[in-house]
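Take a look at the structure below.
There are 2 protein chains.
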Amino acid sequence: MHNFTYHSPTKVIFGQGTVPKIVPELQKAGISRVLLLTGGKSVFASGLYDTIVTLFREAGISFETVSGVQPNPRLSKVREAVEAAGKSRAQAVVPVGGGSVFDSSKAIAAAVGSGHDVWDIITRKHAITGALPIFGILTLSGTSSEINDTAVINNTDTNDKMPVAHPLLYPAVSIVDPSLQYTVPLQQVRYGGFDTIVHVLESYLAGNDTAGVITEHSEAYVRAVMRCLNALPEKLNDYATRSELTFCATYAFSGWCGLGRASRGDFATHRIGHALSALYDMPHAVTLSVIIPNWMEYVLGKGLNRDVFARFAVTVLGVPETAADPAAAGIDALRAFIHSLDMPSRLRDVDITAKDIPALAENAARTLPFGSVIPMDLATITAVLERSL
Amino acid sequence: MHNFTYHSPTKVIFGQGTVPKIVPELQKAGISRVLLLTGGKSVFASGLYDTIVTLFREAGISFETVSGVQPNPRLSKVREAVEAAGKSRAQAVVPVGGGSVFDSSKAIAAAVGSGHDVWDIITRKHAITGALPIFGILTLSGTSSEINDTAVINNTDTNDKMPVAHPLLYPAVSIVDPSLQYTVPLQQVRYGGFDTIVHVLESYLAGNDTAGVITEHSEAYVRAVMRCLNALPEKLNDYATRSELTFCATYAFSGWCGLGRASRGDFATHRIGHALSALYDMPHAVTLSVIIPNWMEYVLGKGLNRDVFARFAVTVLGVPETAADPAAAGIDALRAFIHSLDMPSRLRDVDITAKDIPALAENAARTLPFGSVIPMDLATITAVLERSL
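Chains as they are written, first to last, in our numbering: chain A, 20 to 408; chain B, 20 to 408.
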């Protein structure tokens, strides 16, 4: 195994009916005043907000609510919440939502704990020297923000989208109740599952490692998510299926799948996908499904990573070991799986053509360097996009 | 998945040559005075102690050394170390050793941090209200004390062996360098690997769960350890083999293999094994190898857990799915694997006979309740021991 550092300090309380457990966790930490942070309407419509407010009132935990956090969370909302946290002397931030609400809570926690303007902290003008603890309730899986130390905040004034990460920003406690996600529509559940699969593949396929326990754990994650997605739509509200999907979404992207491997992650698929998100209104998972099989063909065409691609085909996708070219057959099988989810596997399926490629490649190249199998540049990004047509 | 709480906050720095990384970790935490805790001679003979002392002197970290911690760590040594930590105003404990040194460091950390006598804390006369942070260096895998919050301390005055556990006692940082364990003899390495396998099986076989990602992760751990043990003795000093074994020893017993399962663990094999340790001078792993295949036969004879036993046989032990009775064939295969490690699989192999059983059963029964597949009592413990003859 290659050397690594692994740190995943968040306490995860997982399962149906676990929301009330946030109260004893706050109490054990001596916290009686919190900032409650939410997204848009769904947390109010579902009754979850009322549940939490009742729990807090009964326990004597005072709270100030800031709602309306949007996807791609905005700096202006974060600033509003920082002010509210200061005025109410909040001792902790309680995000109730998905990745954008958790991400925002981290920026708020750092700004309040460090006593500096939040954008000065995100742009590293001031260091993070303290942070309020975060006790969150997850309502939508996807980014693993519930167990990582990272946030991405969008400054709409300057058009900058900036990441911030610090060990003080791991949530102290994350409540993950899969049944809170029953209201998510079928296609969104599929998108979430496919995103989880690509999170695993970004490290699993990043080097040509074909042995060891982390290789097998990665394969187990992908097989599990595929089993669950294949069981839909029949099992859409089946707890066993949804809890397995939710578990994998949280933990498959904890860093575990990169431990001891030659590369912690390739991320060319994600970075090129981000360019598609930036220029077209496409769901994140679709930006991945139209790139990854074609990125794989591109890599295989260069004669790279054939062993791990073949292993993936056989152990995960059911390609017979005796196939003439298991690595190539695996890419076809992945494409067939993508189509079974009513998702596209080529740019032409989403009406993107050759003339659109230069702008996409240029946009993706702005986030260079990336790519560990093939370190990317403008020419290789263009080549992957051309193969994806 | 069944509901669970998972918390594993220790930062693990894993790999060859990682010992010097303890210095920046202490510095980042603002620590300049530590209690250095070691076992017997090996840490001095190997030069590791001198390496650490040189690192600390160069970094201006002052230290007080307490050495001589023994297996089954003694209260008297812990008290000596608590006094030394107090006198030198240590801000952290640095255990350098195996499970007994890590366990002792937790008792010391709790006593100093809570300001009470260590035995009063272990016997819960006083609560743990604080603890010095622990920054450890592992030199012998086995107990996973490097990533858990538990210690077992032996009071030789009262003949009591007591566990203590508290979330404040997770090590902050554990340095795990597999190459520090190259000096461990072949048979000890086998014992360590077999102990890891049984740690997984205690939860994997505890219910009849045969699906899901945790099932597959557990199987991957056992297959990985078996592959490594089968590669010995040729690969005894092969880093790939030893790092995989060390990784599995640390993480397979982190609680992960029990997540979401019907039972977090059975532990009848461990508890009955402890009685063998108490009454005979046997290595821990041998107490497990002479019980577990026979416990499996006993469980299978009751018609329980046939599905998971059959799955274990096929996915881990290479028994063909078409075998007449895969579950039974799996037990035979496990026994053959045990023998391939030069280990016994029955009590008669270690000269324990029917007349010894009553005393063994009574000793094991002192730690009731245990057993989730079959909740144990004196009669069932006796029956498992009789089947183990």
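The beta carbon of each residue, even a glycine, is placed where N, CA and C say it ideally should be.
If I measure Cβ to Cβ from residue 49 of chain A and keep anything under 6 Å in the same chain, skipping five residues before and after, which residues do I get?
In its chain, beyond the 5 residues on either side, no residue has a beta carbon closer than 6 Å to the beta carbon of residue 49 of chain A.
Apart from the five residues just before and just after residue 130 of chain A, which ones in its own chain have a Cβ nearer than 8 Å to its Cβ?
Excluding the 5 residues flanking it on each side, residue 130 of chain A has same chain C-beta neighbours closer than 8 Å at 97, 101, 136, 137, 140, in chain order.
Residue ranges of each alpha helix (DSSP H) within the stretch 37 to 83 of chain A, 4 or longer:
Within the stretch 37 to 83 of chain A, the alpha helix (DSSP H) runs of at least 4 residues that lie entirely inside it are, in chain order, 41 to 47, 61 to 64, 67 to 78.
Give the interface partners of residue 30 of chain A over in chain B, defined as CB-CB distance under 7 Å, in chain order.
Residues of chain B passing the Cβ test: 24, 26.
Name the chain A residues that come within less than 8 Å of residue 35 of chain B, Cβ to Cβ?
One finds 22 in chain A with Cβ atoms closer than 8 Å to the Cβ of residue 35 of chain B, taken in chain order.
Whose C-alpha, out of B:211, B:22, B:51, B:150, is nearest the C-alpha of residue 74 of chain B?
Closest by C-alpha distance to residue 74 of chain B, out of B:211, B:22, B:51, B:150, is B:51.
Expressed to the nearest angstrom, what Euclidean distance is found between the alpha-carbon atoms of residue 346 of chain B and residue 230 of chain B?
Residue 230 of chain B has its alpha-carbon roughly 16 Å from the corresponding atom of residue 346 of chain B.
At least one CB of chain A closer than 8 Å to the CB of residue 280 of chain B: is that the case?
False, the Cβ-Cβ gap to chain A never drops below 8 Å.
Do residue 244 of chain A and residue 267 of chain A have their C-beta atoms within less than 8 Å of each other?
A contact, by the Cβ cut-off of 8 Å.
Are the stretch 196 to 210 of chain A and the stretch 151 to 166 of chain A touching, with three or more C-beta to C-beta distances below 8 Å?
The answer is yes - the stretch 151 to 166 of chain A touches the stretch 196 to 210 of chain A, with three or more Cβ pairs under 8 Å.
Taking the alpha carbon of residue 59 of chain A as the reference point, which residue from A:88, A:127, A:272, A:182 has its own alpha carbon closest?
Out of A:88, A:127, A:272, A:182, the CA that lies nearest to the CA of residue 59 of chain A is found in A:88.
Consider the Cβ of residue 240 of chain B: report whether some Cβ of chain A lies at a distance smaller than 8 Å.
Yes - at least one Cβ of chain A is within 8 Å of the one on residue 240 of chain B.
In this structure, does DSSP put residue 270 of chain A in helix, strand or coil?
Assigned with DSSP and collapsed to three states, residue 270 of chain A falls in helix.
Pick from B:176, B:105, B:109: whose alpha carbon is nearest that of residue 95 of chain B?
It is B:176.
Assign residue 148 of chain A to one of two classes, buried (16 or more other C-beta atoms within 10 Å of its C-beta) or exposed (fewer than that).
It counts as exposed.
With a cut-off of 8 Å, does the C-beta of residue 145 of chain B fall near any C-beta of chain A?
So no, residue 145 of chain B is outside the interface.
Roughly how many angstroms separate the alpha carbons of residue 152 of chain B and residue 188 of chain B, rounded to a whole number?
In this structure, the CA atom of residue 152 of chain B is about 8 Å from the CA atom of residue 188 of chain B.
Name the DSSP beta bridge partners of residue 339 of chain A, please?
Residue 339 of chain A pairs with nothing; no bridge assigned.
Could you tell me if residue 248 of chain B is buried or exposed, where buried requires 16 or more neighbouring beta carbons within 10 angstroms of its beta carbon?
It is buried - the Cβ of residue 248 of chain B has at least 16 other Cβ atoms within 10 Å.
Between the beta-carbon of residue 317 of chain B and the beta-carbon of residue 219 of chain B, is there less than 8 Å?
Cβ distance not < 8 Å, so residue 317 of chain B and residue 219 of chain B don't count as in contact.
Under 8 Å from the C-beta of residue 262 of chain A: neighbouring residues of chain B:
Ordered by position in chain B, the residues that pass the 8 Å Cβ test against residue 262 of chain A are 20, 279.
So, at 6 Å on beta carbons, what are the nonlocal neighbours of residue 128 of chain B in its own chain, with the 5 sequence-adjacent residues on each side left out?
Around residue 128 of chain B: 112, 150, 151, 153.
How far does the beta strand (DSSP E) with residue 157 of chain A in it reach, from first residue to last?
Residue range 154 to 157 is occupied by the beta strand (DSSP E) that includes residue 157 of chain A.
What residue range is occupied by the uninterrupted beta strand (DSSP E) comprising residue 115 of chain A?
It spans 111 to 116 - the beta strand (DSSP E) in which residue 115 of chain A sits, taken as one unbroken run.
Within chain A, the residues that residue 218 of chain B reaches when beta carbons sit closer than 7 Å:
Correct list: empty, because the minimum Cβ distance to chain A is about 14 Å.
Is residue 227 of chain B closer than 8 Å to residue 324 of chain B when the C-beta atoms are compared?
For residue 324 of chain B and residue 227 of chain B, yes; Cβs fall inside 8 Å.
Same chain only: Cβ atoms within 8 Å of residue 221 of chain B, ignoring 5 sequence neighbours per side
Scanning its chain for C-beta atoms nearer than 8 Å, with the 5 sequence neighbours on each side dropped, one finds around residue 221 of chain B the residues 284, 285, 286, 288, 289, in chain order.
Name, going along the chain, the residues of the stretch 217 to 237 of chain B whose beta-carbon falls closer than 9 Å to a beta-carbon of chain A.
Flagged, chain order: 230, 231, 232, 233, 234, 235, 236.
What do you reckon, are the CB atoms on residue 194 of chain B and residue 37 of chain B nearer than 8 Å?
Cβ distance < 8 Å, so residue 194 of chain B and residue 37 of chain B count as in contact.
Which residues of chain A have a Cβ atom closer than 9 Å to the Cβ of residue 266 of chain B, listed in chain order?
In chain order: 20, 231, 232, 233, 278, 279.
Figure out for me which residue from A:27, A:29, A:91, A:78 has the closest Cα to the Cα of residue 43 of chain A.
When each option's Cα is compared against that of residue 43 of chain A, the closest is A:78.
If you draw a straight line from the alpha carbon of residue 24 of chain A to that of residue 294 of chain A, how long is it in whole angstroms?
One C-alpha to the other measures close to 30 Å.
Distance, residue 30 of chain B Cα to residue 168 of chain A Cα
Rounded to whole angstroms, the gap between the alpha carbons of residue 168 of chain A and residue 30 of chain B is 13 Å.
Nearest neighbour of residue 239 of chain A, chosen from A:314, A:263, A:250 [CA to CA]:
It is A:263.
Between residue 370 of chain B and residue 118 of chain B, what straight-line distance do the alpha-carbon atoms span, to the nearest angstrom?
If I take the Cα positions, the gap works out to 29 Å.
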